[in-house]
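Number of protein chains: 2
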Amino acid sequence: MSVSPVAKTPQGVRSGIPDATVNRLPTYHRSLVSMASRGILLVSSEELADASGVSSAKLRKDLSFLGSYGTRGVGYDVEFLLYQIARALGLTQQWPVVIVGIGNLGHALAGYPGFASRGFKVVGLFDSDDNRVGEQVSVAGLNVVISSIADLPQIVRSSGVSIGVIATPEKSAQEVCDVLVRHGVTSILNFAPVLLEVPAGVDVRRVDLATELQILAFHEQRKSQLAMAESNAG
Amino acid sequence: MSVSPVAKTPQGVRSGIPDATVNRLPTYHRSLVSMASRGILLVSSEELADASGVSSAKLRKDLSFLGSYGTRGVGYDVEFLLYQIARALGLTQQWPVVIVGIGNLGHALAGYPGFASRGFKVVGLFDSDDNRVGEQVSVAGLNVVISSIADLPQIVRSSGVSIGVIATPEKSAQEVCDVLVRHGVTSILNFAPVLLEVPAGVDVRRVDLATELQILAFHEQRKSQLAMAESNAG
DNA sequence: TAGATTGTTAATCGATTAACAATC
DNA sequence: TAGATTGTTAATCGATTAACAATC
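If you read the protein sequences in the order shown, they are chains Z and Y. Every letter in the first sequence is one number past the one before it in our numbering, and letter 29, counting from 1, is 29. Numbers given in our numbering equal positions in the second sequence, counted from 1, plus 1000.
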């Protein structure tokens, strides 16, 4: 057993890796994959931080929650650190994933190359539109057939799916979510513009185009206000 | 001039609305739109917070940065608060937007209904694939033709575009970003899995499927570890 | 040993929360 | 006036940062 810097609460043992850190680990992972593919063997916190868009202090702090995987005076072994981050993120196992709602967005998600390359395997595509059921979609070079949502329970159970992606219209998202959760899915990536209701223990992450654009609009507005204030102050 | 709770620094005047608050405003906005459409005239912080998935204390704190728009003992006027949030977010003006990279994802983005309904107007679709140039895409009920990237500067200039969406493959994202920035785009929503290099003053938000899935995988892994620890502890 | 770079400390900063005075 | 609910305060919590001792 390694001694890791674990945060404790009176309630019990906690994960030990702060949320803010977990949210940045995929970025470090990606930077390291890119470096490894370029044949880089060794990297300093400064270099990896630059490549990832964070400060080196933050990077070292983040990595310190995973363990002590660098060498003072030298840096980090790229492959070794890559493995440690992949392990922390749970990428050393394969995660079967289902996608529900195969419109343009669902198609785009199914065809996303970064899916397979990171240990996620699309084991099912589902759509409520009967005209679409039976259609072939190319996923990571293989053809996957679109199934009826009626077949979802069987596939989720048999493949042990715990991660589901919802790319349906807003209207059916909650219903689909309920089906997923009922059959054992405990992590959901939601592209529909609704706040899904889920029982405790189920994680949901929502990705919303409108939200992102609105935040950009806010900052855009602020920039033009600042520009005006400055030209007035002149 | 209204006296607003503005955070100051020795350097000068700052925006006054914390980032964490800005990031939640779109959620409140959406909840209020939904309530307004259901004919709800008045809402308490408790109700709006529930609908938005936050605590009422956090909601009230967030709203307090915009101003004092509620009535003690009563609540918030839905339409009025909606307008104030829209104004704060910059949604009372129309933002012309261009989308570059019209594959499956670009198509999905172009067809997204929440675009137009929130004051974003797609004024240009661009693709580097000459076979795709000239193709019609339905955007908010209108047909928009896919243009060559060579035409981007002209359209960005003439429409005063300041927000761009990048939905290209990883390979061409930085190049496209450079073109956008060179012609005056100062906010970029990036769906390509690269960290874009931009000059100071340009805002970039990156949305990445792999990142989201990896964060879910982390939590999923932690849940199964906790379950195992519990069954061992019995 | 001298130079380089990690891992950790401690200070600072920003975000969250609970409680409640203000006020409808 | 009594009840309800906001807006604000102050305490707490978590994240960031700079600096540096440890150590290759």
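We put the CB at the ideal spot given by N, CA and C, even for glycine. None of the values given here were measured: they were computed from a predicted structure.
Paired residues, beta bridge with residue 1127 of chain Y - DSSP: Y:1148
Anticipated Cβ contact below 8 angstroms, residue 147 of chain Z with residue 133 of chain Z, distance rounded: 6 angstroms
Same chain only: Cβ atoms within 6 angstroms of residue 1096 of chain Y, ignoring 5 sequence neighbours per side: 1121, 1123, 1159, 1161
Own chain partners of residue 181 of chain Z with C-beta closer than 7 angstroms, once the 5 adjacent residues on each side are dropped: 198, 199, 202
Own chain partners of residue 1240 of chain Y with C-beta closer than 7 angstroms, once the 5 adjacent residues on each side are dropped: As shown, chain Y starts at 1001 and ends at 1234. That puts residue 1240 of chain Y outside it, with no answer to give.
8 angstroms Cβ cutoff met for residue 1078 of chain Y and residue 212 of chain Z: no
Whole alpha helix (DSSP H) elements within the region 49-102 of chain Z, 4-residue minimum: 56-64, 78-89
Straight-line gap, residue 41 of chain Z to residue 1094 of chain Y (C-alpha atoms, nearest Å): 49 angstroms
Interface residues of chain Y facing residue 221 of chain Z [CB-CB closer than 7 angstroms]: 1090
Neighbourhood of residue 33 of chain Z by C-beta, 8 angstroms cutoff - its chain only, sequence neighbours within 5 removed: 82
CB contact check: residue 1040 of chain Y to chain Z, cutoff 8 angstroms: no
Touching by the beta-carbon criterion (3+ pairs, under 8 angstroms), the region 219-232 of chain Z and the region 1042-1049 of chain Y: no
Residues of the region 1040-1062 of chain Y whose Cβ lies closer than 9 angstroms to any Cβ of chain Z, in chain order: 1051, 1052, 1053
8 angstroms Cβ cutoff met for residue 149 of chain Z and residue 100 of chain Z: yes
For residue 1215 of chain Y, the three-state DSSP class (helix, strand or coil): helix
Sub-8 angstroms separation of residue 1192 of chain Y and residue 1103 of chain Y beta-carbons: no
Option nearest residue 1108 of chain Y by Cα separation, candidates Y:1051, Y:1125, Y:1073, Y:1119: Y:1125
Helix, strand or coil at residue 1187 of chain Y [DSSP, three-state]: strand
Cβ-based burial, residue 1154 of chain Y [other Cβ within 10 Å; buried from 16]: exposed
Cβ neighbour criterion (16 or more within 10 Å) applied to residue 1224 of chain Y: exposed
Cβ-based contacts, 8 angstroms cut-off: residues of the region 1097-1113 of chain Y near chain Z: 1097, 1103, 1104, 1105, 1107, 1108, 1109, 1111, 1112
Chain Y contact residues for residue 198 of chain Z, given Cβ-Cβ distances below 7 angstroms: Chain Y residues near residue 198 of chain Z: none, gap ~11 angstroms exceeds 7 angstroms.
Neighbour list for residue 212 of chain Z in chain Y, Cβ cutoff strictly below 7 angstroms: 1189, 1205, 1207
Check whether residue 220 of chain Z and residue 1017 of chain Y have beta carbons under 8 angstroms apart: no
Run of the alpha helix (DSSP H) containing residue 1182 of chain Y, from where it starts to where it stops: 1170-1182
First through last residue of the beta strand (DSSP E) which encompasses residue 1205 of chain Y: 1203-1206
Residue-level contact to chain Z via CB, residue 1218 of chain Y, 8 angstroms cutoff: yes
Proximal chain Z residues relative to residue 1030 of chain Y, where beta-carbon distance stays under 7 angstroms: 193
Cα-Cα separation between residue 1086 of chain Y and residue 1025 of chain Y, rounded to whole angstroms: 9 angstroms
Selection from Y:1052, Y:1035, Y:1186 that minimises the alpha carbon distance to residue 1028 of chain Y: Y:1052
Pairwise C-alpha distance: residue 1178 of chain Y and residue 1188 of chain Y: 11 angstroms
DSSP state of residue 1161 of chain Y mapped onto helix, strand, coil: coil
Per-residue burial, residue 1145 of chain Y [other beta carbons within 10 Å of its own, 16 or more giving buried]: exposed
Contacting residues, own chain, Cβ-Cβ under 6 angstroms from residue 135 of chain Z (five flanking each side not counted): 146
Beta carbon proximity, residue 1162 of chain Y to chain Z, threshold 8 angstroms: yes
Partners in chain Z for residue 1023 of chain Y, counting only beta-carbon separations shorter than 7 angstroms: 215
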